[in-house]
Amino acid sequence: MESLLQSIYRTHTLSELREADVGKIVKLSGWIRRKRDHGGILFVDLADHYGITQVIFRGELKEEAQKIRLESVINVTGTVKLRNEENINNKISTGKIEVDASKFEVLSHAKTLPFKVSEEDTSPEHIRLKYRFLELRREKLHTNMMLRSRVIRAVRDIMHDMGFVEFQTPILTSSSPEGARDFIVPSRVHPGKFFALPQAPQIFKQLIMASGFDRYFQIAPCFRDEDPRADRSPGEFYQIDMELAFVEQEDVLKVNEELFYRLFTTVQTEKKVTPLPFPRLPYHVVMERYGTDKPDLRNPLEISKVSQAFLESEFRIFSAAAKDAQQEIYCIPVANIPPPPRKFFDDLIDTVKKHFGLGLSYVICEEPDRPLRGGIAKFLTDKETTFIKEKLGRNRGVVFFGAGLPKSVLPMLGWLRDHLGHEFNLLNDDSFNFLFVVDFPLYEMDEQTGNIAFTHNPFSMPQGGIEALNTKEPLQILASQYDLVCNGYELGSGGIRSHTPELLYKAFEIVGYPKSTVDDKFGAMIRAFELGAPPHGGIAHGVDRVVMLLAGETAIRNVILFPLAQTVEDLMMGAPSKLSPEQLEEVHIKVVLPDGDAD
């Protein structure tokens, strides 16, 4: 049967030919990736989507091919031959053969390249993003994009297998008062009014549940006008979005651990995956144990609360903190490492002071039967020394200490735990370690305004329902909310939803929203709930972040086909751009620039 990949331009792709094809006359097409002149023969690496085949040019053909620039597209006819033993390349699938060209045609000439595709160079990022289509020809990025395609296909297969149906929710919608800034779209038909691009399909997916569907998902485009960072793409991103009817929290967690276990064991086999069921840990536990709500469980280090051991300490900073009901003393024992040099500790203390405004203490145990030294060792009693050695499991090592208000000290120790794990190569890098973080607080205190605010999703069901909202202090109320974390990244966040108007009104009243505002902003949801809505819940996972993790990348733009730059610009397409006066007039917009900005 003839392959659907065959055409007038090729009989084979550039990954197909093998020893069994020797002697065949073939037609190939692709990009000239590399050229090597070996006297009377020109060796060309011809590349396409599928792979690379070596083509050799002799005589007049060599002279003509030599003139063609790299990345030009050619069509070649030639005979498949075995390579000489010394020229076999086991790094590519076609490495035992080559094609001896009998004729070729240039399909597309390339100009001088802004950077070489065949080399990982240090070209400025803005140049690579401007010519992203050229950078995507590089093997690493090409492989990442193919991984992304496999991930999305696998997700769809698994979700359909679990009984989910896929829908697409609107892209033009109304602005939301919660979350990040919206991207807004002016209406030509309704002067002075605006659509917003959805930050997430949150309201729509809840309305799908109220519409009588049972399990929904989509690969959803989301838009948020927020600042970029290494693990978050500015402007737009995609989510694996889902919602389920007639469920409680554990039902949603079981579906998602099944999804991610199957996904991560389908698209890769090199690394181990946390066996089912994934661990569940409350928010307050992960904060005290790891100093972050997205811990990397490949790191064996843990934070311990040790205030009671230093109540009578001669080190006044510790004794004062231990006796203060608002403060705590924590430590991170790092066992079985050689004592670092003094400069290591000095630099670490300076970094902590600079970025966190806190002090950092330490003590070194060179051998279990020798006195402690360094840092605060001279202030320690025999009892405290014994306690510290026990923390190290009677091994050599270093113990780091932080003292103060937990909300300040724990994030610092979380950073320190991560830093030490990498510094001393403690991470088990051959595994994907999953964790559900549960029992988040529903509300938090906004430190700038002093007002009560939602911690995460305002539509999450309070644990204890309406009674909790009516009787508990807001900061004591927990949400039926959960995050999925893997190797230090938050992959997804979700919750069981409030599904009655009474719950929504009360939840928003606590943060200062009157009933009229809730009706105005969330009228469709209120009306749906007034006409009968099932208990429901869901979650959304970042596609880009999932692929980044699987690809072993640290920069999220390396798994996005055409990403925006860190300046939130599309350097390839020249966006954002100015509109003509006629376009602005059509949508009834007048541009007023901030002082100092050029027109």
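Per this note's numbering: the sequence shown ends with 859, consecutive numbering throughout. Cβ coordinates follow ideal geometry from the N, Cα and C atoms, glycine included. The structure presented is a predicted model; accordingly, all values stated were derived computationally and were not measured.
Q: Using DSSP bridges, identify the partner residues of Y590.
A: K565, G662
Q. Alpha carbon to alpha carbon, how far is A825 from T760?
A. 42 Å
Q) From what residue to what residue does the alpha helix (DSSP H) around F317 run? A) It is not in any alpha helix (DSSP H) - F317 instead sits in the beta strand (DSSP E) that spans 312-318.
Q) Which parts of the region 646-702 are runs of the beta strand (DSSP E), unbroken and 3 residues or longer, counting only runs that do not cross its ends? A) 657-664, 694-698
Q) Buried or exposed: where does R731 fall if 16 or more other Cβ atoms within 10 Å of its Cβ makes it buried? A) Note that residue 731 is Thr in the sequence shown here, rather than Arg. Under this definition T731 is an exposed residue.
Q) Are there 16 or more other CB atoms within 10 angstroms of the CB of P384, so buried, or fewer, so exposed? A) exposed
Q) Under three-state DSSP, which class holds N335? A) strand
**Q.** I418 - containing alpha helix (DSSP H), residue span
**A.** 399-421
Q) For N717, does the count of other Cβ atoms within 10 angstroms reach 16, so buried, or fall short, so exposed? A) buried
Q. Three or more beta-carbon pairs under 8 Å between the region 624-638 and the region 658-676, yes or no?
A. yes
**Q.** Any chain C beta carbon closer than 8 Å to L306
**A.** Within the model displayed, chain C is absent; a lone protein chain is all it includes.
Q.
Using a Cβ-based criterion (distance less than 7 Å to any ligand heavy atom), does I624 qualify as near the ligand SAM?
A. Only the bare structure without any ligand can be found here, which leaves the ligand SAM out of the picture.
Q: Determine which residues share a DSSP beta bridge with Q741 and list them.
A: G755
Q. Taking the alpha-carbon positions, what's the F684 to L652 distance?
A. 16 Å
Q: For P446, name the three-state secondary structure that DSSP assigns.
A: strand
Q) Mind checking H298: buried by the 16 CB within 10 Å criterion, or exposed? A) exposed
**Q.** Three-state secondary structure (DSSP) of M721
**A.** coil
Q: Check whether the Cβ atoms of F700 and N747 lie closer than 8 Å to each other.
A: no
Q: Answer with buried or exposed for E358, where buried requires no fewer than 16 other C-beta atoms within 10 angstroms of its C-beta.
A: buried
Q) Three or more beta-carbon pairs under 8 Å between the region 482-502 and the region 814-828, yes or no? A) yes
Q: Can you tell me which of S471, F424, L561 puts its alpha carbon nearest to the alpha carbon of Q686?
A: Strictly speaking, residue 686 in this sequence is Leu, with Gln absent from that position. It is L561.
Q. In this structure, does DSSP put V512 in helix, strand or coil?
A. helix
Q. What whole-angstrom Cβ distance do H272 and L288 have, given they're in contact under 8 Å?
A. 6 Å
**Q.** Cβ neighbour criterion (16 or more within 10 Å) applied to H801
**A.** buried
(Q) For M261, count the other beta carbons within 10 Å of its own beta carbon; 16 or more makes it buried, fewer makes it exposed. Which is it? (A) The predicted model places M261 with a pLDDT of 46, which falls under 50 and marks its position as unreliable, so this point remains unresolved.
Q. Where does the unbroken alpha helix (DSSP H) through H615 begin, and where does it stop?
A. 602-616
Q) Three-state secondary structure (DSSP) at H801? A) strand
Q. From what residue to what residue does the beta strand (DSSP E) around R492 run?
A. Taken as a continuous stretch (DSSP letters only), R492 belongs to no beta strand (DSSP E), as it is neither H nor E.
Q) Does DSSP classify R230 as helix, strand or coil? A) In the structure as shown, the chain starts at 261 and stops at 859, and residue 230 therefore has no counterpart that could be examined.
**Q.** Integer-rounded CB distance, given that A581 should sit under 8 Å from G664
**A.** 6 Å
Q) When DSSP labels each residue in this structure, what does H298 get in the three-state scheme? A) strand
(Q) Just verifying my parser: in three-state terms, what is the DSSP assignment at E365? (A) strand
Q: Using three-state DSSP, classify E486 as helix, strand or coil.
A: coil
Q | Element boundaries [beta strand (DSSP E), containing L763] | A | Element bounds for L763: not the beta strand (DSSP E) but the alpha helix (DSSP H), 761-770.
Q: With DSSP as the reference, label M261 as helix, strand or coil.
A: Residue placement at M261 is poorly supported in this model, since its pLDDT is 46, which falls under 50; the coordinates still yield a value, given next. Coil at M261, not helix or strand.
**Q.** P539 versus L407: straight-line alpha-carbon distance, rounded
**A.** 27 Å
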